[in-house]
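Below is one structure; the comments refer to it alone.
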Amino acid sequence: MFKKPSFYIIFFFSLILFFNLTKINRVNLYIESPVVNHAIVDADYNISVQEIKPTEGRFRKVGVIVNGNFSNIKIKAQKYPYTMKLKNIIIVSTLFPFNISDKNLDKYFYFRNLDVEHQKGFNNINFKDGSSYLESRSILLNKIFLLRSLIVVTFAFVLTTLLILLTKAARFLPATLLITAILAPILLSPFKLFKLTGVQEKHECPVFSIHSFKKKTFQNDFETYLNRKLSFNNLHIKTLNTLLYYTLDKSFGYNQNILIGKNKILYEESFINLLCLKNEVNIKIINQVSQNIKKVQDYYEKQGKTFVVFITPGKAANYQVGIPNRFDITSQSLEKNYKAVINAFEENHINYIDARKYVKNNLDNHIFYPRSGTHWADYPKYLGAKHLLQGLNKYGHYNFEDLTINTIYKNNIPYGEDVDLAMLLDLLIAPVDYQVEHVCLNDVKTPSYKNVKVIGGSFWWGAGEMLNQAKVFKNLDVYFYLINYKKVFRNFLEIQKDNISDKNSLRNDINQGDIIILEINDCIVNLVAQAYIKEFINLILNEND
Amino acid sequence: MIFSSPIFLFLFVPIFYSIYFLMPAKYKNTVILIASIIFYAWGEPTFVFVALISAYLDFILSKSIYKSNTQKEKKSWLTLSVILNVGLLFYFKYFNFFIENINHFLSLIHFKPLGMLEIALPLAVSFIVFEKITYVTDVYRGVGKPANSLIDYFTYVLLFPKLIAGPIIKYHDIDKQIKERISTKDDIYEGFFRFTKGFFKKVFIADTLAPVIDTIFTYNSLSLGSIDAWLGVICFTIQIYFDFSGYSDMAIGLLRVMGFRIMENFNLPYISKSFTEFWRRWHISLSTFIRDYLYIPLGGNRCSKFRQYFNLFTCFLISGIWHGASWNFIIWGIYHGAFLTVDKALGIKPQSPRKMPAFLQVSITFLLVVISWTIFRSQNIQQIALMLNKMFLPQNLIFTSQYLFSKYVVFILILGFVISFLPAMQIYKNIRNKIDSRFYLKFTLFFILFILTIGKISAVSNITFIYFRF
Numbered sequence: 012m013f014k015k016p017s018f019y020i021i022f023f024f025s026l027i028l029f030f031n032l033t034k035i036n037r038v039n040l041y042i043e044s045p046v047v048n049h050a051i052v053d054a055d056y057n058i059s060v061q062e063i064k065p066t067e068g069r070f071r072k073v074g075v076i077v078n079g080n081f082s083n084i085k086i087k088a089q090k091y092p093y094t095m096k097l098k099n100i101i102i103v104s105t106l107f108p109f110n111i112s113d114k115n116l117d118k119y120f121y122f123r124n125l126d127v128e129h130q131k132g133f134n135n136i137n138f139k140d141g142s143s144y145l146e147s148r149s150i151l152l153n154k155i156f157l158l159r160s161l162i163v164v165t166f167a168f169v170l171t172t173l174l175i176l177l178t179k180a181a182r183f184l185p186a187t188l189l190i191t192a193i194l195a196p197i198l199l200s201p202f203k204l205f206k207l208t209g210v211q212e213k214h215e216c217p218v219f220s221i222h223s224f225k226k227k228t229f230q231n232d233f234e235t236y237l238n239r240k241l242s243f244n245n246l247h248i249k250t251l252n253t254l255l256y257y258t259l260d261k262s263f264g265y266n267q268n269i270l271i272g273k274n275k276i277l278y279e280e281s282f283i284n285l286l287c288l289k290n291e292v293n294i295k296i297i298n299q300v301s302q303n304i305k306k307v308q309d310y311y312e313k314q315g316k317t318f319v320v321f322i323t324p325g326k327a328a329n330y331q332v333g334i335p336n337r338f339d340i341t342s343q344s345l346e347k348n349y350k351a352v353i354n355a356f357e358e359n360h361i362n363y364i365d366a367r368k369y370v371k372n373n374l375d376n377h378i379f380y381p382r383s384g385t386h387w388a389d390y391p392k393y394l395g396a397k398h399l400l401q402g403l404n405k406y407g408h409y410n411f412e413d414l415t416i417n418t419i420y421k422n423n424i425p426y427g428e429d430v431d432l433a434m435l436l437d438l439l440i441a442p443v444d445y446q447v448e449h450v451c452l453n454d455v456k457t458p459s460y461k462n463v464k465v466i467g468g469s470f471w472w473g474a475g476e477m478l479n480q481a482k483v484f485k486n487l488d489v490y491f492y493l494i495n496y497k498k499v500f501r502n503f504l505e506i507q508k509d510n511i512s513d514k515n516s517l518r519n520d521i522n523q524g525d526i527i528i529l530e531i532n533d534c535i536v537n538l539v540a541q542a543y544i545k546e547f548i549n550l551i552l553n554e555n556d
Numbered sequence: 007m008i009f010s011s012p013i014f015l016f017l018f019v020p021i022f023y024s025i026y027f028l029m030p031a032k033y034k035n036t037v038i039l040i041a042s043i044i045f046y047a048w049g050e051p052t053f054v055f056v057a058l059i060s061a062y063l064d065f066i067l068s069k070s071i072y073k074s075n076t077q078k079e080k081k082s083w084l085t086l087s088v089i090l091n092v093g094l095l096f097y098f099k100y101f102n103f104f105i106e107n108i109n110h111f112l113s114l115i116h117f118k119p120l121g122m123l124e125i126a127l128p129l130a131v132s133f134i135v136f137e138k139i140t141y142v143t144d145v146y147r148g149v150g151k152p153a154n155s156l157i158d159y160f161t162y163v164l165l166f167p168k169l170i171a172g173p174i175i176k177y178h179d180i181d182k183q184i185k186e187r188i189s190t191k192d193d194i195y196e197g198f199f200r201f202t203k204g205f206f207k208k209v210f211i212a213d214t215l216a217p218v219i220d221t222i223f224t225y226n227s228l229s230l231g232s233i234d235a236w237l238g239v240i241c242f243t244i245q246i247y248f249d250f251s252g253y254s255d256m257a258i259g260l261l262r263v264m265g266f267r268i269m270e271n272f273n274l275p276y277i278s279k280s281f282t283e284f285w286r287r288w289h290i291s292l293s294t295f296i297r298d299y300l301y302i303p304l305g306g307n308r309c310s311k312f313r314q315y316f317n318l319f320t321c322f323l324i325s326g327i328w329h330g331a332s333w334n335f336i337i338w339g340i341y342h343g344a345f346l347t348v349d350k351a352l353g354i355k356p357q358s359p360r361k362m363p364a365f366l367q368v369s370i371t372f373l374l375v376v377i378s379w380t381i382f383r384s385q386n387i388q389q390i391a392l393m394l395n396k397m398f399l400p401q402n403l404i405f406t407s408q409y410l411f412s413k414y415v416v417f418i419l420i421l422g423f424v425i426s427f428l429p430a431m432q433i434y435k436n437i438r439n440k441i442d443s444r445f446y447l448k449f450t451l452f453f454i455l456f457i458l459t460i461g462k463i464s465a466v467s468n469i470t471f472i473y474f475r476f
């Protein structure tokens, strides 16, 4: 084999291949910061932030991705005096992740322009002047170079050997591939190699009984269970989705509920279908529900509490540029629905805060919705939160400060809610290269100690994020769609998730609030498309269904 | 358990074929039988016993026929078998339909209606019954001998690849293969290619069009436009062909891997130039059954012209009834029977030359077949009337279902048309020959198709085969 020129030719090209594959393309810095949402970000240095799951305690762990030369990374604090902890660094290439934990950081990196006290060790970095340089030591570069060379040569050699052996054993390849394709899903099922995005209902393996077999429930449950277990097939799903996304604007992700519209703008198809409805809006039901909301409002007002309804703008109703022409949206049912709801709220004197109208009037040239996200973008979230506070001041006679922007910038690195639909497409690589806007707010001078209770859907998170970022409410509880739990935010950080299954406990918990906010999205048709509104009304008015 | 389900592909198939190929030849039929019973019991845990008992009875009756010395005795056993089989079919499939219509008549004369029974239609009952009838009848006619062993016989009846939706195989066509067969490497690969072809047709083409058709066929008179009606039936024309022929391809592929070679069930039916030709290309095993076990016993061509027309018409009326216990199937059968009778009256045969250009003949036949599918797919007579009204008396240009026709759906529909007609063209045959002669290229193409189709079945949840209700 080694005497053949073909070996050396293949080896040479393999070297080039693996050299490129091991090219370091980014560095992930994992730091902990007390800032609620974003760590230090400054787009001028081509740095962006990816938000990851928060840990408990005062500091929230976030990741910073640096595209570019990792030997000299600039990190700038946006709010200072400022403290952060550097936890670890991962140097990332396709085949070559190199992890440096916080115990070894000072061996390989050092900071410039750092407070003298904290120059050694990285556990608490205080920014006094607002910026610092993180520079790699040459020892790290040498180490990485050696390791990379070893990997390149080894892999190239193995690949070359395999290819030459395969040509000799080519006749066995089809059978091998076929057997692998059939057997791999079941044999590899315990390893959960590939995951799909989104929530799946958990299915346990059903217990066999003659009765359940006769009724065919065992068969159905077992097939569902097995389908979930065959995680290897998720690779095929992603491959198929990727092929169809780029050729035919189609994906099977999220139960085929993602509509890939013009210019790859994504929507939830169920909301587009609502938009196309030709049925007349049911004014009677809207009035009925509004009257009940008014009863809830009166109930709280008697106790000296403030109750408001917060209307958020849905993508289908307000951003129709990407909807394919085959959808007949001339009926604009959501617009009619919205107007009917506003009329009903006016007639019933409900304290409502119309974030949709405010956002549309003040958006200017900012991004309303990210291309592949279903929720509003940062700037409208800011406007919505701003208008909420204005509304609370009006209805509750409070004196909440106005929100002001510290920094606003655009880049091509979306994350979090901005990519929710993109991730749900379940492609091999999520299509997340599109422009988004990031907004950082100034802290308010005096945070409020009022107990704020929010009952709402996913559009609340955006406005809530802005309020937490600006440090407005120290005590905030969110009852997400009134599913049996609440998310507890204290001192602007999410600290826990409490399960509340008992209705009385839930009611009492909500009633402890000084301010109760009911968030409604304008895509809720007739105010009944989301069950939590009715459940909330029944819960507070103590009515049976 | 359907072929395009993960449990079949990743649990049943690997276990079955592993055991099958490891077993010595004399036990292979036992393995098939056990697997077939499990396969059928998975979908019909109760009816499987009925099927086994019924099949056993036919085994005994066929032995009795074979051993009988007199024609009269043979005929008695045959009659008993046919009555039992047709009775079984009638009870499970037609009893409630019969009672429903009786009740309708009783309501007209203000009589109390009869009670209906809660009878679930077992999967594949029509196919199983028809195959058993062919078996017993062939023994009666002396065309073939009864199976030597009970295992061989049950293997034939319950052979799982063709159990649920055919093809309808006659015992004497595969009796030699049941006793002895070899599965070579070529059989395995060809079986895989054939299975993958059917898998792709069913999962990508038929299943993609299914929700579009289901939606259009729920439209009422106000929502349904002419464009919707035409697109709905055209989609169904493609769906039913790919659903059924896809299933047949999978069945043929699975059997080929075991070493069985069975008849083709479809042969590009939409390129037919007449109804006669259509039925020689569509569900060939059914039309063969009708010819051999209905038409010929009724007299076939060996009687007066009027009687021939009557026989033909009756056969297709029965074929319509076989497809379902509903008036639309009966009308569909009558429709086909009528056109076949016209063909016969005018002397139209597939091979006979005609003045009309081939393209026009194909188009007219295709159009008439599309209309027949409108009848077939509709839930009731009112819907047939609504669909045909919208198709042929266009009143407006509303296109309610436009939103359903995404790029993906349109692509699949066009692909369906291409696959339906292209194989008849020379260019396709040339390309196909080139691919067939290059094994690695062919394998790569089919393997990619296989993987992509697995991706789809994993991504979506169950869609059942159309012919499962027969």
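Line order of the protein sequences matches chains A and B.
If you want the working numbering, it's the position in the first sequence, counting the first as 1, plus 11.
If you want the working numbering, it's the position in the second sequence, counting the first as 1, plus 6.
Note that CB positions come from ideal geometry on N, CA and C, so glycine has one too.
The region 412-482 of chain A is shown to contain whole beta strand (DSSP E) runs of 3 or more residues at 416-422, 447-452 and 459-467, in chain order.
One alpha carbon belongs to residue 354 of chain A, the other to residue 452 of chain A, and they sit about 34 Å apart.
With respect to the 8 Å criterion, residue 242 of chain A and residue 205 of chain A are classified as neighbours on the basis of their beta carbons.
In this structure residue 16 of chain B touches residue 193 of chain A by the C-beta definition: roughly 7 Å separates them, less than 8 Å. Using a CB distance cut-off of 8 Å, residue 41 of chain B does not count as an interface residue toward chain A. In its chain, beyond the 5 residues on either side, 234 and 406 have a beta carbon closer than 7 Å to the beta carbon of residue 225 of chain B.
Between the alpha carbons of residue 483 of chain A and residue 429 of chain A lies a gap of roughly 23 Å.
For residue 171 of chain A against residue 25 of chain A, the beta-carbon gap comes to about 5 Å, under 8 Å, which counts as contact.
Only those residues of the region 185-206 of chain A whose C-beta falls short of 7 Å from the nearest C-beta of chain B are listed: 185, 188, 189, 192, 193, 194, 196 and 197. The beta-carbon separation of residue 238 of chain A and residue 12 of chain B, rounded to 5 Å, stays under the 8 Å limit for a contact. Sixteen is the threshold: since fewer than 16 other Cβ atoms of the shown chains lie within 10 Å of the Cβ of residue 391 of chain B, the residue is exposed. In the DSSP annotation of this structure, the continuous segment of the beta strand (DSSP E) that includes residue 501 of chain A starts and ends at 496-501.
Around the beta carbon of residue 534 of chain A, 16 or more other beta carbons lie within 10 angstroms, which makes this residue buried.
Sequence-distant partners of residue 281 of chain B (beyond 5 residues in either direction) whose C-beta falls short of 6 Å from its own C-beta, in its chain, are 345, 346 and 349. With 16 or more other Cβ atoms inside 10 Å of its own Cβ, residue 87 of chain B counts as buried.
Taking the Cα positions, residue 166 of chain A is about 19 Å away from residue 16 of chain A. Interface annotation, residue 466 of chain B: in contact with chain A, CB-CB separation under 8 Å. The distance from the Cβ of residue 465 of chain B to that of residue 248 of chain A is about 5 Å, consistent with a contact at the 8 Å cut-off.
Look at the region 304-340 of chain A and you find these whole runs of beta strand (DSSP E), each 3 residues long or longer: 317-323. Residues of chain B whose Cβ lies closer than 8 Å to the Cβ of residue 250 of chain A are, in chain order, 457, 458 and 461. The contact set of residue 446 of chain A on chain B, defined by CB atoms closer than 9 Å, is empty, because the minimum CB distance reaches about 25 Å.
Counting only runs of at least 4 residues, the region 297-350 of chain B fully encloses the following alpha helix (DSSP H) elements, listed from N- to C-terminal order: 311-329. Rounded to whole angstroms, residue 523 of chain A and residue 529 of chain A show a C-alpha spacing of 15 Å.
For residue 237 of chain A, the chain B residues whose C-beta falls within less than 7 Å of its own C-beta are 12, 13 and 17, listed in chain order. Residue 112 of chain A is bridged by DSSP to A/99. What residue 413 of chain B touches in chain A, judged by beta-carbon distance under 8 Å, is 259, 260 and 261, going in chain order. The C-beta of residue 446 of chain B has fewer than 16 other C-beta atoms within 10 Å across all chains shown, which makes the residue exposed. At the C-beta level, residue 401 of chain A and residue 468 of chain A stay beyond 8 Å of one another.
Within a 10 Å sphere around the beta-carbon of residue 370 of chain A sit 16 or more other beta-carbons, which makes this residue buried. Using a Cβ-Cβ cut-off of 8 Å, residue 244 of chain A counts as an interface residue toward chain B, since at least one Cβ of chain B sits closer than that to its own. One finds 193, 194 and 197 in chain A with Cβ atoms closer than 8 Å to the Cβ of residue 20 of chain B, taken in chain order. The region 536-550 of chain A makes contact with the region 283-301 of chain A: 3 or more CB pairs, one atom from each, lie closer than 8 Å. With respect to residue 341 of chain A, residue 470 of chain A sits apart: the two C-beta atoms are not nearer than 8 Å.
Contact between residue 104 of chain A and residue 35 of chain A holds: CB atoms are separated by about 5 Å, below the 8 Å threshold. The distance from the Cβ of residue 208 of chain A to that of residue 437 of chain A is about 6 Å, consistent with a contact at the 8 Å cut-off.
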